[in-house]
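Sequences listed follow chains A and B, in order. Using my numbering, the letters of the first sequence map in sequence onto residues 16 to 117. Using my numbering, the letters of the second sequence map in sequence onto residues 1157 to 1305. Glycine residues also receive a C-beta, built at the ideal position from the N, C-alpha and C atoms.
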Amino acid sequence: MARITASVYTSHVPAIGAALDLGKTDEPYWRPLFQGYQPSKDWMAANIPDVIFLVYNDHATAFSQELIPTFAIGCAERFQPADEGWGPRPVPVVQGHPELAR
Amino acid sequence: MALDKPYKDIPGTTIFDAEQSRLGYHLNQFCMSLMRADNRTRFKADERAYLDEWPMTEEQKRAVLARDLNRCIALGGNIYFLAKIGATDGRSFQQMAGSMTGMSEEEYRDMMVAGGRSVEGNRFLGEDGDAQPHHQPQGQGHAHRNGKA
Chain A
16 MARITASVYT
26 SHVPAIGAAL
36 DLGKTDEPYW
46 RPLFQGYQPS
56 KDWMAANIPD
66 VIFLVYNDHA
76 TAFSQELIPT
86 FAIGCAERFQ
96 PADEGWGPRP
106 VPVVQGHPEL
116 AR
Chain B
1157 MALDKPYKDI
1167 PGTTIFDAEQ
1177 SRLGYHLNQF
1187 CMSLMRADNR
1197 TRFKADERAY
1207 LDEWPMTEEQ
1217 KRAVLARDLN
1227 RCIALGGNIY
1237 FLAKIGATDG
1247 RSFQQMAGSM
1257 TGMSEEEYRD
1267 MMVAGGRSVE
1277 GNRFLGEDGD
1287 AQPHHQPQGQ
1297 GHAHRNGKA
């Protein structure tokens, strides 16, 4: 039987990733946001789950206007960082869990 | 019967509804193409020629060439898609959002750090807030561009 250990959330504008990559997290504009992440980061580092159910809305990244599913389940073994125009972000490849996803 | 759209009276905001989505289809699909590095290279080498590969309207193409994001949105563009033009230009989202108001990147950042735009006077058209059409564009970014500062 699986046990749900936590539910965590974040604001998710693409600019947050750009701010991280460009070293802007200490600028006045961004500092409050990144300071707010710290308690959650600390907690997650101490409470690592086996699997994460990651739910998000697609900011015109995986889907164009050609196909707009209300829900979609990511079944891939791994997911490459998206290139939203700045080039792919320097973050690790996301490991999928195809058995659970299917 | 035409749909009732009570959300048409929000100053400075165009709701991306089904009608806008249909209008902007090819504009937004063009933006999606900029997620590929080779397409960005081709676009930057000859913007007009690249745009002509897409069945966009002439108005949409001109709005993209002018980087007029407000016009792009009026013509059906959606900011999630249009952000890829800014990324292609190497511009931050702050710069893009600032450009839509006439504000410089610094003015826009300062407004956001101070809590963002006040809703007072900006709830619907006909009030007197700073987002109302008769107060737009605002800011030094606009004044500099037009030689007024």
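is_contact[residue i, chain A] using C-beta, thresh 8 Å
i: B/Asn-1195; result: no
i: B/Val-1220; result: no
i: B/Ala-1230; result: no
i: B/Gln-1176; result: no
i: B/Leu-1190; result: yes
i: B/Val-1275; result: no
i: B/Ser-1260; result: no
i: B/Tyr-1206; result: no
i: B/Met-1144; result: In the structure displayed, chain B extends from 1157 to 1305; residue 1144 of chain B sits before or after that span and is not available.
CB contact below 8 Å: residue i versus chain B
i: A/Gln-80; result: yes
i: A/Glu-99; result: yes
i: A/Pro-96; result: no
i: A/Gly-89; result: no
i: A/Ala-21; result: no
i: A/Tyr-44; result: yes
i: A/His-27; result: no
i: A/Gly-32; result: no
i: A/Gly-102; result: yes
i: A/Ala-77; result: no
i: A/His-124; result: Any property of residue 124 of chain A remains undetermined from this structure, which presents chain A solely from 16 to 117.
Nearest-angstrom Cα separation, counted from residue j out to residue i
i: A/Asp-73; j: B/Leu-1281; result: 31 Å
i: A/Lys-56; j: A/Thr-85; result: 30 Å
i: B/Asp-1286; j: A/Ile-19; result: 47 Å
i: B/Asp-1245; j: B/Met-1252; result: 10 Å
i: A/Arg-93; j: B/Leu-1207; result: 33 Å
i: A/Ile-88; j: A/Ala-17; result: 19 Å
i: B/Ile-1166; j: B/Met-1256; result: 16 Å
i: A/Val-109; j: A/Leu-37; result: 21 Å
i: A/Tyr-118; j: B/Thr-1213; result: The question about residue 118 of chain A has no answer, for chain A in this structure spans 16 to 117.
i: B/Ala-1219; j: B/His-1291; result: 22 Å
i: B/Glu-1209; j: B/Lys-1217; result: 11 Å
i: B/Asp-1160; j: B/Cys-1187; result: 30 Å
i: A/Lys-39; j: B/Ala-1158; result: 47 Å
i: A/Gln-80; j: B/Phe-1237; result: 10 Å
i: B/His-1182; j: A/Pro-64; result: 42 Å
i: B/Ile-1229; j: B/Gly-1272; result: 21 Å
Assumed close pair residue i, residue j - CB separation to whole angstroms, cut-off 8 Å
i: B/Ala-1239; j: A/Pro-29; result: 6 Å
i: B/Ser-1248; j: B/Gly-1295; result: Not really, about 16 Å apart at Cβ, beyond 8 Å.
i: B/Gly-1233; j: B/Gly-1180; result: 5 Å
i: B/Asp-1284; j: B/Gly-1277; result: 5 Å
- Does the segment 40 to 53 of chain A touch the segment 1201 to 1211 of chain B, meaning 3 or more C-beta pairs lie closer than 8 Å? no
- Is the segment 21 to 37 of chain A touching the segment 97 to 104 of chain A, taking contact as three or more C-beta pairs under 8 Å? yes
- Which full runs of the alpha helix (DSSP H) of 4+ residues lie inside the segment 1199 to 1256 of chain B, going along the chain? 1203 to 1207, 1214 to 1221, 1225 to 1230, 1235 to 1245, 1249 to 1255
- Minimum length 4: unbroken alpha helix (DSSP H) runs contained in the segment 20 to 48 of chain A: 29 to 36
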